[in-house]
Each structure stands twice: as structure tokens, then as C-alpha cells.
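For reference, the structure discussed in these notes is given below.
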Amino acid sequence: MGTHNHHHDYNFSEQYTFAGTAKVFSLVAIVLGIAAVAFGMLSSEHIIVERTYANLLLMGYYFTCVCAAGAFFVALQLVTQSAWSAGLIRIPQAMASILPIASLVLLLIVGLGLYTHNLYHHWHAEGLTDPNSPNYDALVAGKAAFLNVPGFLIRQILFMGTYSIFAFILAKLSYNEDLQGGLTSYKKGFKLSAIFLVIFGFTTPIWSFDTIMSLEAHWFSTMFGWYNFAAMWVSGLCVITVILILLKKAGYMAWVNENHLHDLGKLIFGFSIFWTYVWFAQFMLIYYSNIPEETVYFYKRFEPEYKLWFWLSIVINFVAPLLLLVDRDAKRKQNAMLFVAILLLCGHWLDYYIMVMPGTVDTERGFGIIEVGTAIGFCGLFTFLVMTKLSKHALAPKNHPFLDESLHHQI
Amino acid sequence: MSNTKYILGSFADPDEMMDGIDRLQANNISIYDCFTPMPIHGIEAKLGVKPSRLPIAAFCFGGLGLMLGFSLLYFTMSYDWPMNIGGKPSMPLPNFVPVTFEVTILLCALGMVATFFFRNHLFPGRAPRVMDLRATDDRFIIAIDARDNANHELIDNLLKEAGAVEVKYNERKYVSYE
């Protein structure tokens, strides 16, 4: 029993053309990024090289996380059989499709960092696990059964490889659906997503323990995985929102309206609160129990070098979305949503910065050509890859079983 | 002059009811309210129903909870019997967050439910006020104030043209007391 009798005349086979300023800007950004990284890498000062590696790890991880969040989004919509997102699902699908490339980039960074001892030096150095060595570190030795180079690399390849395969297949199934129609692709996608979500849910915490938490190998927090997952999910949602709004402003995707934007806004709002919840739970328990082996993490971040940025991260990632998105109308306005999404993307860069820098370059941190250049380079790379992928397929999954319901989505 | 207070158009199909609303509005007949057994998308916008003010009540109750929660902690932990716990100051603000937060959402939720019940006259011993009992079952009702809109014949025709199964002329507003 339908209550709507509108006749729509949307062109579902419309395709995005990736050309002009967008393409030029993304390529220029890649060149700028390469220049900044080369500038850092070729520096004669060791600390500058290390800082470049830290920035590459930060942005490589951010890049992979955003693409993985795209895959997670696609899988989540399939498993929950969501209809609202059907009209905009091509955006996260494009993000998921380039997860294999993002994973390779991160793997390269991590591998080079390990090989050159510029990353993970805390647990990967001569004699750390040898009781007779002057470098012997009992805490690292105790963790060596898990935290060793072969194990680390195998886990990186296994985790990111699995995510990449699932992400690629999930996007591929939807592209096939355009050509073949029917429910076969959807049903297959449903089953694969259910498997993917279980694997993803159990392994992303371990993946973040390895990639980020092990930078300070003495310290550990079981909440760190969820904290990273929340950051990944919020930033992934923000990227989807930014791409969607920019596409709409360029005249594409007429079938996506303020109701869909509202849902994205609610997710961003809700998961920013979730991020804060995990962040605060981790902080408060450590603050309250005051055990030296736990407080070491926050001690570093309470030094004058980081304290301001540490609190600024909370203001941007919690207070800003809380105040700016609490209003219903704000979540339905393109400009307000665009502003908050970009602000949160900067905020989560800062969040990752505070996760990575104290454990790598410590007091030698900086904010200059290397930081800005690496960030711009990865933004360009992401834009170029995702938009190229997006331009290869129609912007609507025209045979999606819930596409019609998505058009009538109203909240 | 009849004693009719409300004219009720009873529809079996929501699309026909929506069509009825359009026809009445096109003839400048004001609609008192609509009653449906299920939510119908877009009906609020069509009838010009103002957004609910429940969030304002939620904010006020939440604010009250925040103050009460904080006062409780301040009084017990910092004012009445300050204790040294783990070398923390007697007013460790981060530790106040969870309890303050819990009291805030508790009062917010209870306050919202109470406000909702109060506004809708849903309290124990109160007979529910219903204009047409079948609106809770299988009929979609448009209610028109018969005194504000004098041309009853036109209303009757419009409702029937739109597909009303039945048009009632009620002399009482609510039928549920009977």
C-alpha cells in the first residue's frame, strides 16, 4: 500500500565525469605530496626523516581506514537490508574498491618503516629480547611472542588482504547487479557481508594495536581498538558526506535529498559521541587508577608540547559536532553538513596525530611542510582514485532491490 | 441549525484520505485533525502540524538532571566528607562525568515520558479521548469542525468524491466515554 504517487524521471544511468579542475587539483595535490615527502626523506637530519615516516604512517593509516570504513558501510547496509542508503551506495562502493590500493600503500609504509628502523623502533631494535644485551627490555621481551616482525607483517597482510578481497567483491557484486538485474547479487552480497562484518569486528582492534598502539609498545589499552574503530567510522562517514554534497552541488545525484543527508548527519553525530565515549572511558579509567605503566601514555600527551592539541582534539571531535549537529535543520542543510564533515576530517587527522607523534618523534614534533604536504598528497591520491572509480559506473545502482524505497525515504 | 459538532470522513485507504485532504484544502475547508491507525509519511507537512516541542522539555529535564547529578557528587565527595582517593583532588572532575551523565539522561528520559503522558492525557484512571474508535483499527479519519465550516453539504460531497466509506455527523467530540 503506497502513499506516494510521484512519478520520478531520474536518470539512473547518469555517470560522473572526472575531468577539469577536480582532476587537475587532485593531480597537483599528489605532486605536492610527493615533493613534501621527498623533501623530508632526503633531509640530512635523521629526526626529519623519522618525522616524514611518522606522517606517512599517519596518512597511510587514515587513508586505509577511510576506505575500510567504505567497505564497512556497504556491508552494514547489506546486512541490515537498509533502503535509505541505496541511492548513495555508489560512493562507499567506490571507496571500498580502492581499499586494495590503500592497503598496499600502508603495507609499503609500514614495511619500509620497519626495515629502516624509522617506525616501531620501540619494539624492533637490536637486543631488546636478549636478556644478556644492554638493550634488554623486559616488557617488550614479554610481548615478543605476539609483537615480532614476522608476526606483525603476516597479520598486516592477512587482515588488510582479507578486508580488501571482501571490499572488492562487495563492490563488484553491485556493479554486476546493474548489468544482470535480479536478486542473485544482493543475496550473495548479504551473505558475504555477514561474514565480513564478523571478521572485521574481531580483527580491526588487533590491526590498530599493531599499526598504531605498538608505536609505544610498553603501554596497552584494550579499548584502543574500539577507539580507533570509532575514529575510522566517523571519518569514513564524513568522507561519504563530503563526496555526496560536492556531487550534488555539481548537479549529480538528484535522487538523493535532505532526508538521506539527515540520516548521514545522525550517524556522524551519534558516532562522534561514541568516539568521545570510548576516548573518555579510556582516559578516565587510567586517570582514576593512576598506575604508572598506564599513565605513561597520557603523561606524554600532557606535556606542554602536546597538551593544547590534546584538548583541541576533544573540542573539534566532540564539542563541535555536538553543538553544530544537534539541531534537526542543521543535519538537512548541505552547507552546514559540509562544514562539519570537513571540520571532523581535520579533527580526526589531529586525533591520529596525537596517537602517532608522541610515540615516534616525541618532542621533535612539528607542523610544517611535511605534515601539510603529506596530508595534501594523500587527499589528492584518495580523490583521484575514488573519483576515477566513481566515474566508471552509473551513479545509481539501478537494479538495487531497495532503490525505489530509497527515493521515497522521508524522516 | 443542527447540533453537529464534528464531521468525520472515514476512509478505508490512506491514499484516498490524502486525496480527501487535498480536496478539502482546495475548497478552503479547515481540517481539525486526522486519525490513522499507522504513521503516514508527509501528512504532518500537508496538514501544517507544527514540529513537536518535546525536545525542549527534554533539554530542560536534562539540564535539571545535570545540576542534580553534579550537586549530589559535589556535596558527598567534595563538601560534606572530602576524602583522599588515589591522591586525586577532592573535586576530580573527570570522575564526576559518568554519574552526572547518568543522572542527566535518567531525568531527561523520565521527564520526556512524563511530559508526553501529560500532554496526551494518558494517565491511570483517565478515559482515553478518541473521536472515532475505528481509527485505532482499520479506518483513516478526517475530522472537520462543523461550526467553523458551514457548508456541510459541500464537505459531504468532497469526502465522498475522495472515496470516504462513511461520513459521520457527531454531536459529541469524543465517543470513547460511552
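Protein sequence lines, in the order shown, are assigned to chains W and L. Going by this note's numbering, the first sequence opens with residue 120, and the numbers climb by one from there. Going by this note's numbering, the second sequence opens with residue 13, and the numbers climb by one from there. Heads up, the beta-carbon is just placed ideally off N, CA and C, and yes, glycines get one too.
In terms of residues, what are the limits of the beta strand (DSSP E) holding residue i?
i      : result
L:D31  : Segment 26-38 is the alpha helix (DSSP H) holding L:D31; no beta strand (DSSP E) there.
W:E164 : Careful: W:E164 lies outside any beta strand (DSSP E) and carries neither H nor E.
L:K180 : 178-182
L:L20  : 18-23
L:I156 : 152-157
L:D45  : 45-47
Counting only beta-carbon atoms, is residue i nearer than 8 Å to chain W?
i     : result
L:G99 : yes
Mark residue i as exposed unless 16 or more other C-beta atoms lie within 10 angstroms of its C-beta, in which case mark it buried.
i      : result
W:W468 : buried
W:N124 : Residue placement at W:N124 is poorly supported in this model, since its pLDDT is 49, which falls under 50; the coordinates still yield a value, given next. Label assigned to W:N124: exposed.
W:W338 : buried
L:A162 : exposed
W:C465 : exposed
W:P516 : buried
L:L105 : exposed
W:H77  : Only positions 120 to 530 of chain W appear in this structure, which leaves residue 77 of chain W out of reach.
W:L207 : buried
L:I153 : buried
W:D249 : exposed
W:L277 : exposed
W:R209 : buried
W:L470 : Inspection of the sequence shows that residue 470 of chain W is occupied by Asp rather than by Leu. So W:D470 counts as buried.
W:G139 : exposed
W:Q134 : exposed
W:Q529 : exposed
L:H11  : Outside the displayed span of chain L (13 to 190) sits residue 11 of chain L, for which this structure offers no information.
W:Q212 : buried
W:L334 : buried
Does residue i get closer than 8 Å to chain L when you measure Cβ to Cβ?
i      : result
W:T122 : Because the pLDDT at W:T122 is just 47, under 50, the model does not fix this residue reliably, and the value given afterwards should be weighed accordingly. Chain L contact via Cβ: present.
W:F521 : no
W:M342 : no
W:Y416 : no
W:Y346 : no
W:N409 : yes
W:Y425 : no
W:M403 : yes
W:Y406 : yes
W:Q212 : no
W:Q453 : no
W:Q529 : yes
W:H512 : no
Between which two residues does the alpha helix (DSSP H) carrying residue i extend?
i      : result
L:S70  : First, the residue type needs correcting, since residue 70 of chain L is Ala and not Ser in the sequence shown. First-last of the alpha helix (DSSP H) with L:A70: 66-85.
W:Q200 : Taken as a continuous stretch (DSSP letters only), W:Q200 belongs to no alpha helix (DSSP H), as it is neither H nor E.
W:F521 : Taken as a continuous stretch (DSSP letters only), W:F521 belongs to no alpha helix (DSSP H), as it is neither H nor E.
L:P136 : Premise fails: L:P136 is in no alpha helix (DSSP H) and is neither H nor E.
W:W430 : 423-433
W:W394 : 377-408
W:W468 : 453-479
W:T341 : No alpha helix (DSSP H) contains W:T341, which DSSP labels as neither H nor E.
W:N295 : 268-299
L:V125 : 105-131
L:D168 : 164-174
W:A213 : 209-216
W:D329 : 303-330
L:R62  : Per the sequence shown, residue 62 of chain L should be read as Lys rather than Arg. Careful: L:K62 lies outside any alpha helix (DSSP H) and carries neither H nor E.
W:R420 : 411-420
W:A260 : 257-262
W:V440 : Here residue 440 of chain W is Pro; the residue named in the question, Val, does not match the sequence. Segment 439-444, the alpha helix (DSSP H) holding W:P440.
Looking only at DSSP bridge pairs, what is residue i linked to?
i      : result
W:A513 : W:Q134
field: Proximal residues, the region 17-34 of chain L versus chain W, C-beta separation under 7 Å
entry: P26, D27, M30
message: Give me the subset of the region 100-113 of chain L whose CB atoms are less than 9 Å from a CB atom of chain W, sorted by chain position.
response: K100, P104, P106, N107, V109, P110
message: Against chain W, which members of the region 36-58 of chain L pass a CB distance test of less than 7 Å?
response: I52, H53, G54
- prompt: Using Cβ-Cβ distances below 9 Å, what residues of the region 196-208 of chain W are close to chain L?
  reply: none
task: Pull out every residue of the region 369-400 of chain W whose Cβ sits closer than 8 Å to any Cβ of chain L, in chain order.
output: So the close ones are F399.
query: Which residues, in order along the region 126-140 of chain W, keep a beta-carbon less than 9 Å from a beta-carbon of chain L?
result: none
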